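Undergrad:
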Amino acid sequence: MSLTLYYHPLASFCHKVLIALYENGTAFDKRIINLGDAADRAELESIWPLCKFPVLRDHAHVRDVPETSVIIEYLDRHYPGAAPMIPAEWDDALEVRLWDRFFDNYVQGPMQTIVDAHLTGLSCDQTRERTKLKTAYKMIEKRMATRGWMCGERFSLADCAAAPALFYASTLVPFPEEYHHLHSYFERLVTRPSVRQVLEEAKPYFSMYPFVQDIPERFL
Ligand SMILES: N[C@@H](CCC(=O)N[C@@H](CS)C(=O)NCC(=O)O)C(=O)O
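Residue numbers (this note's numbering): 102 to 321.
#1: Contact between the region 143 to 161 and the region 219 to 239 is defined here as three or more beta-carbon pairs at a separation below 8 Å; is this criterion met?
#2: What are the complete alpha helix (DSSP H) segments, minimum 4 residues, inside the region 179 to 212?
#3: In chain order, what residues of the same chain have a beta carbon less than 6 Å from the beta carbon of Phe-287, not counting five sequence neighbours either side?
#4: Tell me whether Thr-272 is buried or exposed, calling it buried when 16 or more other Cβ atoms sit within 10 Å of its Cβ.
#5: Throw me the rounded Cβ distance for the Ser-194 and Asn-125 pair, which I believe falls under 8 Å.
#6: Alpha helix (DSSP H) containing Asp-260: first to last residue?
#7: Using the C-alpha atoms, what's the distance from Thr-228 back to Ile-173?
#8: Under the assumption that Asp-245 contacts His-282 (Cβ atoms under 8 Å), give the Cβ distance between them as a whole number of angstroms.
#9: Does the region 144 to 153 touch the region 215 to 223, meaning 3 or more C-beta pairs lie closer than 8 Å?
#10: So, with DSSP's three-state summary, where would you put Leu-300?
#11: May I ask you to check if the CB of Thr-169 is nearer than 6 Å to at least one heavy atom of ligand 3?
#12: Val-216 to Pro-311, Cα distance in whole Å?
#13: Can you grab the Cα-Cα spacing for the pair Glu-278 / Glu-242, in whole Å?
#14: Taking DSSP as the reference, what is the three-state secondary structure of Leu-122?
#15: Bridge partners for Val-166 per DSSP, in chain order?
#16: Which value, in whole angstroms, describes the spacing of the CA atoms of Phe-307 and Leu-111?
#17: Please classify Ile-316: does DSSP put it in a helix, a strand, or coil?
#18: Using the three-state DSSP reduction, which class does Thr-105 fall into: helix, strand or coil?
#19: With a threshold of 8 Å on Cβ separation, who are the neighbours of Ile-134 within its own chain once the five nearest residues in sequence on each side are excluded?
#20: Roughly how many whole angstroms lie between the Cα atoms of Cys-261 and Ile-120?
#21: If you drop the 5 nearest sequence neighbours on each side, which residues of the same chain put their C-beta closer than 6 Å to that of Tyr-123?
#22: Is it buried or exposed, Lys-239, if we count other Cβ atoms within 10 angstroms and call 16 or more buried?
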């Protein structure tokens, strides 16, 4: 197999790339990295010294590709499937990249800060992070009033980023009840076969998530 993904089934950024791979039925080998295991950690560090996952190893091109948005661009370019995750038209692609950044920086970012603070036992004021999530939800609610997916009628990189970001963020700051468009977008995401597969594979690991009690029963 030409591609190996170094990842963990619970990790939200890994979900983002898995969704893109499953969307196109791209064949790849899985290498689960347990960051609590010294040998696994050293292996990931030898590939990407920042020790962040996922990382895609492309054996055919003798190349390691880190960073989720870059990995998905790389897959679109070198291992294209029937469903490109980035549109061919420049303006459409720019829009997709913008909303991909939005989810990584303003949903995953605050979400990770809150989870990390909990894991490290550092009791810091999380008001700013929670406010960022509420602002992001408000923006998504407005945007999804006129769209099926984040950037129109086609599922894209932006939706790959949205699914895990919203899944975990909603366990920390629930979506306001009156945000019907956000709720129905989330339902579309979690019932999409690629996302369902990722969530199914995460199930055995959800007990390791510190806010597991806030994951809705239907996902457990
Ligand atoms: N900007 C990176 C973020 C990757 C990232 O933060 N991954 C998390 C898992 S969701 C990770 O490696 N955490 C381990 C750590 O920070 O020690 C990307 O898009 O790939």
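Ideal placement from N, C-alpha and C gives every residue a C-beta, glycine not left out. In this text, all values refer to a predicted model and were calculated from it rather than measured experimentally.
TA: This is what the structure holds:
#1: The region 143 to 161, when compared against the region 219 to 239, does not touch it at the 8 Å Cβ threshold.
#2: Listed in chain order, they are 191 to 204.
#3: The sequence position of residue 287 within the sequence shown is 186, counting from 1. Excluding sequence neighbours, Phe-287 sits near Leu-267.
#4: Position 171 of the sequence shown, counted from the start, is the residue given in the question as residue 272. Buried, by the Cβ-count rule.
#5: In the sequence shown, residue 194 corresponds to position 93, counting from 1. In the sequence shown, residue 125 corresponds to position 24, counting from 1. At residue 194 the sequence reads Ala, which differs from the Ser that was named. Between Asn-125 and Ala-194 the Cβ distance is about 17 Å, and since that is not below 8 Å, they are no contact.
#6: Position 159 of the sequence shown holds residue 260. Where Asp-260 is concerned, the enclosing alpha helix (DSSP H) stretches over 258 to 273.
#7: Residue 173 sits at position 72 when you count from the first residue of the sequence shown. Residue 228 sits at position 127 when you count from the first residue of the sequence shown. Cα-Cα distance, rounded: 33 Å.
#8: Sequence index remark: in the sequence shown, residue 245 carries index 144 (1-based). Sequence index remark: in the sequence shown, residue 282 carries index 181 (1-based). Sequence check: residue 245 is Met here, not Asp. That belief holds up - the Cβ atoms of Met-245 and His-282 are roughly 4 Å apart, short of 8 Å.
#9: no
#10: What you label residue 300 is simply residue 199 of the sequence shown in a count that begins at 1. Leu-300: helix per DSSP, three-state reduction.
#11: Judged by which ligands are present, ligand 3 is missing from the structure shown, whose ligands are ligand 1.
#12: For the purposes of this step, residue 216 is taken as the residue at position 115 of the sequence shown. For the purposes of this step, residue 311 is taken as the residue at position 210 of the sequence shown. Approximately 7 Å, taken between the alpha carbons.
#13: Against the sequence shown, residue 278 aligns to sequence position 177. Against the sequence shown, residue 242 aligns to sequence position 141. Between Glu-278 and Glu-242, the C-alpha separation is close to 11 Å.
#14: Locating residue 122 in the sequence shown gives position 21, counting from the first residue. Looking at Leu-122 - three-state DSSP - the assignment turns out to be helix.
#15: Residue 166 sits at position 65 when you count from the first residue of the sequence shown. Looking at the DSSP assignment, Val-166 forms a beta bridge with Leu-157.
#16: As a working mapping, residue 307 is identified with position 206 in the sequence shown. As a working mapping, residue 111 is identified with position 10 in the sequence shown. When rounded, the distance between both Cα atoms is 7 Å.
#17: For the purposes of this step, residue 316 is taken as residue 215 along the sequence shown, with counting starting at 1. In this structure, Ile-316 counts as coil in the three-state DSSP scheme.
#18: Here residue 105 is taken as the residue at index 4 of the sequence shown, counted from 1. In this structure, Thr-105 counts as strand in the three-state DSSP scheme.
#19: The residue you call residue 134 lines up with position 33 of the sequence shown. The residues are Tyr-107, Tyr-108, His-109, Asp-141, Arg-142, Glu-144, Leu-145 and Phe-154.
#20: Start at 1 with the first residue of the sequence shown, and residue 261 comes out as number 160. Start at 1 with the first residue of the sequence shown, and residue 120 comes out as number 19. Roughly 6 Å separates the two Cα atoms.
#21: Working through the sequence shown from its first residue, we reach residue 123 at position 22. Only Ser-295 and Gln-298 meet the Cβ criterion.
#22: Within the sequence shown, numbered from 1, the residue matching residue 239 stands at position 138. Flag for Lys-239 reads exposed.
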